[in-house]
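Protein chains in written order, with the working numbering: chain G, 6 to 372; chain P, 44 to 365; chain C, 263 to 791. C-beta: ideal position from N, C-alpha, C; glycine also. The structure presented is a predicted model; accordingly, all values stated were derived computationally and were not measured.
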Amino acid sequence: MILPKWADVVLIPLINLFLALFVSGLVVLLIGEDPVNAMKIMVKGAVGSTYGWGYTLFYATNFIFTGLAVAVAFHARLFNIGGEGQAQLGALGVALVCLALPWPHWTLVLPFSILGGALFGAAWAAIPAYLQARRGSHIVITTIMFNYIAYALLVYLLLGALKAPGMAPESPRFPAGTFLPNARDVFDMLGINFARSPLNVSFVLALIACFLIWLMLWRTRLGYEIRAYGQSEPAAIYAGISPFRITMIVMLISGALAGLMGVNAVQGEAQRLLQDNVLGAGFVGIAVALMGRSHPVGVLIAAVLFGALYQGGAELEFETNVPREMVLVIQALVILFTGALDNMVRGPVEGAFLRLGRRPAPGAAAE
Amino acid sequence: MDLNTLIQILDSTIRLATPLLLACLAGLFSERAGVFDIGLEAKMLVAAFFSAAVAASTGSVWLGLLAGIAASMVFALIHGIASITFRGDQLISGVALNFLASGMTVLIARDWFNQGGRTPPLDYGSGRFEPITLPYADALAGVPVLGPVYGGMISGHSILVYVAFAMVPLTWYILFRTRFGLRLRAVGENPGAVDTAGISVVRLRYSAVLIAGVLCGIAGAYLATGLAAGFVRDMTAGRGFIALAALIFAKWRPWYALGACLLFGLLDAIGNRYQSIELLGISVPAQLMQALPYILTVVILAGFVGKAIPPRAGGEAYVKER
Amino acid sequence: MTTAPAIELKGISKAFGPVQANKDINIRVMPGTIHGIIGENGAGKSTLMSILYGFYKADAGEIFIGGKKTAIPDSQAAIAAGIGMVFQHFKLVENFTVLENVVLGAEEGAWLTPSLAKARKLLTELAAEYELNVDPDALIQDLGVGMQQRVEILKALYRQAEILILDEPTGVLTPAEADHLFRILEGLRAQGKTIILITHKLREIMEVTDTVSVMRRGEMTATVKTAETSPELLAELMVGRKVLLRVDKVPAKPGKTVLSVDNLRVVDDKGVERLRGVSLNVRAGEILGIAGVAGNGQSELLQVLGGIRTGTGRITLNGEEIDLTGKHSDAGTRRARGIAHVPEDRHREGLILDFFAWENVGFGYHHDPKYNRGLLMDNDALRRDTEAKIAKFDVRPADCWQTAKNFSGGNQQKLVIARELERNPDLLLIGQPTRGVDIGAIEFIHQQIVALRDAGKAVLMVSVELDEILSLSDRIAVMFDGRIMGERLPHETNERELGLMMAGITDTDRDVPVQEVAANLGHTVGAKP
């Protein structure tokens, strides 16, 4: 333990983020734009107006769900790279609930659409989980495969059973009674003017999910068992913790969280099922979980950051020559620096701390 | 189904299997040396873009190929630095590179060509690999069965197709009949044994990763300048992952890799040709055909059809221990 | 004589962070001798040899090979200097053949076939010369540990090593296999090779070495001629003071049978039968010590009893049968039934190294109502309990917010023992109670075990240290090849008899004179355990 806790959870991620942004800045420079100006446009676009905030937090809602999904699995040392497919299935579950009845009011449908999204997402994670736990099939590979299978399944359904009349491969529009209250409506009631955006009550749902996952991981026996199993499988077995049970439960929770993204994306925004309802948010979840050090608070912060990045990126494309793929590049660099090149930063930082003399780790900052 | 249709399907099987095969062998080198590579997709994609871009700008397909290989090797090098030098997570590094390739190619394409993320279309003679007619293809054209099979299926592909198929015996020979191959396989099984024998684990793994870069480079160049006429965004369309699936299917062995890639190429070819096919009176939708490689891989991984045991030291950075 | 020493180390120092692993080490080894290096775990023996083999770079000091100053920056240089090393954990590629392993790194050219052909010839010659017969085409994974070790020696000889270093070579060998190894080493010495034997076993030093160096806490405390020293003297040099060989304890007053094991069998993942019908029982108020060479089924026995592994047979605790394969065969259920378990490997099983001390004190008992309040865990209660245990067992540092990896080996073991013993179990399973534990803590741990037995509890102890077995046990059972070879009372037996039993000489052989059996042993006991 060379590094104090704060350096590990705050300093190093910040350095990593800075490096990712620095390299991104170089890319912007190569395209012939001014990186500082680009940064200004992005920040302004993302958080400079209620419109920007609306989109930023809408994206963040998706990323919180997928980020938590990856983070929970990380605690059990499982790399769930299948958030994309699980979210697609979750979207399907939400859509089936919404299309099932002529729902009169959103408060009636929401519990069921939450259930539908969570169940379908969890079910899609269950098979790779079972194969990992019982047959040792590498979960990274199986979940990647399941992403592709999920896409094929949705295309099949949207060309057949679920297809709306017309050319487009999409489902019919949901009944109006399923529409979730929008941020604008909510703020209107409070007498605050908020621009039109897809931000809806799902954001509150995401915040509740963050809290519940934190509570689960650090305040319950299940969380204790998950973390213990993630640290050492032989030790977990010694303590009477069943690897099969933990792997299944963790992946079901993870899949359910990813599936919940459907509530925001499908019920909250699109109001119909599309071929691609996830738009890469499953993968963004990886970056979010890595940056957030798999802690729900970290995930929340990282998700908002990425939400801002996505919204800012859209503005950037609008105002300059920098296409929105820039966001993908930044995201890739964040994953690269925080996930794969972590030791590149950690080594020198640890060296610096060693030279400064060992500082006592602040004990109580554990959770 | 008549012979002509069959030959057409098999002909396109060979075309579609070629990028898979090259990427699969790339993965084989890397993973046999103990470095997992889920960034095959990324390397193919950057190679596809740079080969098409350079071919379009210079008119030379060979310069394009070199550019593709170089770009792919740069990505391979990043993967090496992250996973070998800094002992980072190999899977995460692969994930990052996949995004980087996906974003970067479109970004640069827009900046250079301003055509919505594609390169200008390439023609034969100016930036595209031309089909090669093998000797006697015309002379044999009249012979029943053999003529169409030789002329329509085996002959008439671009040079890179023949390179890809020649890579199979070559890979086998390198792995199992040379000193380099012995060391490469050893470093993927027990790097400690290699290290204590006085051989550099780092250098061996870098060589393997760079070889993977070269092969993915050829695969990508073939995609953009052989199979298609230019680069379009995300044109690899998951082929890197199918190649990975084929690698597992082949249990990390070269000849089996050929079989797996041909099988997946065939599925692709059938899926391209028919919207749905009748099998034993049941209509099989095209989506199922497309998903079949992934489903088959899951079945293989589940151990229902033989057990796929990856190289023992795969996925782990080497740390000296007493 | 003015022969230059084969190896001379001058002033070698090496630190890992704040830990000084080697401090100003000086050593001279003459050619054609066997030189022993003895010391406790963590004394710095392996670090020193890793420096000599180019695995680590020394912070200071010089190495002379054959009188010539030599830099050894990597293994390549070590091999070039004629040094070969047999590591404690073999460095072999499991799914390669013997021949491929021997050739690896020492190939003749870029093409394999001629290299292999040449190696095959040389291997046959070496095998004949040094009694090192191995099938060159066998896969390593099909060979027993003794054979694998021969492959390691052959690897070194194939590279024309003149100096051979063996790091704890007998840890996994039966006494008979060890004797065979020593004969090989003597043969190598006769051919003029220099051998360095690293061990913590006094018997081996006395038996085979010409000179011996003693290491303690990173320092070289003495170098002496083996013929001019005694085990007692070496032991004292090793630990720095007189060692208490017997633990003070009153005679046992065994009560009713607590644990009864009948015909226990275990088959591992590879289909190998690890326990072949083990039967034993442990009574209240006694310590049953299980002796044996590592890998003869003791670990599996502990694991089945502790609920980590499944098996077949019949086990009863206080007369009630225990579920061995079904839903209730897990470790949690065993704990609830009153079985506490201090595992053999605390890093792998007993502790979560990245958890805080208080989290580790709840480990395995986290379902205990006193650590929970409704759906949530009562972490405050757990911390209070941890502080009490830390105080009682004198764990240092006395800080429940330290992660487990920040404690020394002895304090880690105290944490585990505090957790398990404080449950006041009916039966304590304890494996390698003092492995990697400093001397001070050893006495404390031994006293705690005896105190539990005096409180009328049953203790089943597994240890590879015969001293520990002999001094702590009230009854000794010896395991070999998945079976109990027999039971002895500590005052009626000795190390030699136990050693023979550990090599697989059964009860019925008892009448055969020991010397005769030992003489035959090397030829009759195969390499595969």
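Rounded straight-line distance, which links the Cα of residue j to that of residue i
| i | j | result |
| --- | --- | --- |
| Met764 (chain C) | Thr295 (chain C) | 30 Å |
| Pro791 (chain C) | Arg451 (chain C) | Caution applies to Pro791 (chain C), whose pLDDT of 33 falls short of 50 and renders its modelled position unreliable; the value that the coordinates give is listed next. Each residue's Cα considered, the two are about 27 Å apart. |
| Gly784 (chain C) | Leu354 (chain C) | Note that Gly784 (chain C) scores a pLDDT of 38, beneath 50, so its modelled location is shaky; the value from the coordinates is reported in the next line. So the two alpha carbons sit approximately 25 Å from each other. |
| Leu109 (chain P) | Gly231 (chain P) | 29 Å |
| Glu494 (chain C) | Arg681 (chain C) | 35 Å |
| Leu338 (chain G) | Ile291 (chain G) | 12 Å |
| Phe129 (chain P) | Ile46 (chain G) | 35 Å |
| Pro354 (chain P) | Asn357 (chain C) | 10 Å |
| Tyr135 (chain G) | Leu83 (chain G) | 13 Å |
| Ala139 (chain P) | Pro353 (chain G) | 23 Å |
| Leu496 (chain C) | Val476 (chain C) | 7 Å |
Coil, strand or helix - residue i by DSSP
| i | result |
| --- | --- |
| Thr176 (chain P) | coil |
| Asp524 (chain C) | strand |
| Leu106 (chain G) | coil |
| Glu320 (chain G) | helix |
| Leu165 (chain P) | coil |
| Arg250 (chain G) | helix |
| Asn157 (chain P) | coil |
| Val486 (chain C) | strand |
| Trp373 (chain C) | strand |
| Gln709 (chain C) | helix |
| Val476 (chain C) | strand |
| His753 (chain C) | helix |
| Thr770 (chain C) | Confidence in Thr770 (chain C) is poor, its pLDDT being 48 and thus under 50, which makes the residue's placement unreliable; the coordinate value appears in the next sentence. It is helical. |
| Glu393 (chain C) | coil |
| Leu310 (chain G) | helix |
| Pro689 (chain C) | Pro is not the amino acid found at residue 689 (chain C); the sequence shown has Leu there. Residue state, collapsed to three classes: strand. |
Spatial neighbours of residue i in its chain, beta-carbon cut-off 8 Å, leaving aside the 5 residues before and after
| i | result |
| --- | --- |
| Leu49 (chain P) | none |
| Asp656 (chain C) | Lys676 and Phe706 |
| Asp429 (chain C) | Lys307, Ser308, Met311, Met347, Val348, Phe349, Gln350 and Ile460 |
Residue interval of the alpha helix (DSSP H) (run including residue i)
| i | result |
| --- | --- |
| Thr61 (chain G) | Thr55 to His80 |
| Glu84 (chain P) | Leu83 to Thr101 |
Cβ shell of residue i (< 7 Å), same chain only, five flanking positions each side left out
| i | result |
| --- | --- |
| Val102 (chain G) | Val114, Phe117, Ser118 and Gly121 |
| Ile242 (chain G) | Pro248 |
| Val289 (chain G) | Phe68, Thr71, Phe311 and Gln336 |
| Arg608 (chain C) | Gln674, Gln675 and Val678 |
| Thr770 (chain C) | Any answer about Thr770 (chain C) is weak, because its pLDDT of 48 lies below 50 and its placement is not dependable; what the coordinates show is given next. Within the same chain, Thr770 (chain C) has no close Cβ partners at all. |
| Ile52 (chain P) | Ala312, Ile313 and Arg316 |
| Ala76 (chain P) | Leu227, Val230, Gly231, Leu247, Arg248 and Ala251 |
Own chain residues within Cβ distance below 6 Å of residue i, not counting five before or after
| i | result |
| --- | --- |
| Thr436 (chain C) | Val555 and Ala765 |
| Arg153 (chain P) | Gly160 |
| Ser522 (chain C) | Asn543 and Thr578 |
| Ile652 (chain C) | Ala660 |
| His297 (chain C) | Val291, Ile458 and Thr473 |
Residue range of the beta strand (DSSP E) that includes residue i
| i | result |
| --- | --- |
| Met116 (chain P) | That residue, Met116 (chain P), is in no beta strand (DSSP E); its alpha helix (DSSP H) goes Val104 to Gly123. |
| Ile457 (chain C) | Thr456 to Thr461 |
| Ile299 (chain C) | Ile296 to Gly301 |
| Asn288 (chain C) | Val281 to Val291 |
| Val604 (chain C) | Ile601 to Val604 |
| Val252 (chain P) | Segment Val244 to Tyr265 is the alpha helix (DSSP H) holding Val252 (chain P); no beta strand (DSSP E) there. |
| Arg536 (chain C) | Glu535 to Arg545 |
| Ile429 (chain C) | At residue 429 (chain C) the sequence reads Asp, which differs from the Ile that was named. Unbroken beta strand (DSSP E) run through Asp429 (chain C): Ile425 to Asp429. |
**Message:** Under 8 Å: do the region 576 to 586 of chain C and the region 661 to 670 of chain C share three or more Cβ pairs, one atom per stretch?
**Reply:** As far as the Cβ criterion goes, the region 576 to 586 of chain C does not touch the region 661 to 670 of chain C, which means the pair count is below three.
**Inter-stretch contact (C-beta, 8 Å, three-pair minimum) for the region 710 to 719 of chain C and the region 632 to 649 of chain C** = No, the region 710 to 719 of chain C is not in contact with the region 632 to 649 of chain C.
**Prompt:** Three or more beta-carbon pairs under 8 Å between the region 85 to 105 of chain G and the region 124 to 135 of chain G, yes or no?
**Reply:** Cβ pair count under 8 Å is three or more, so yes.
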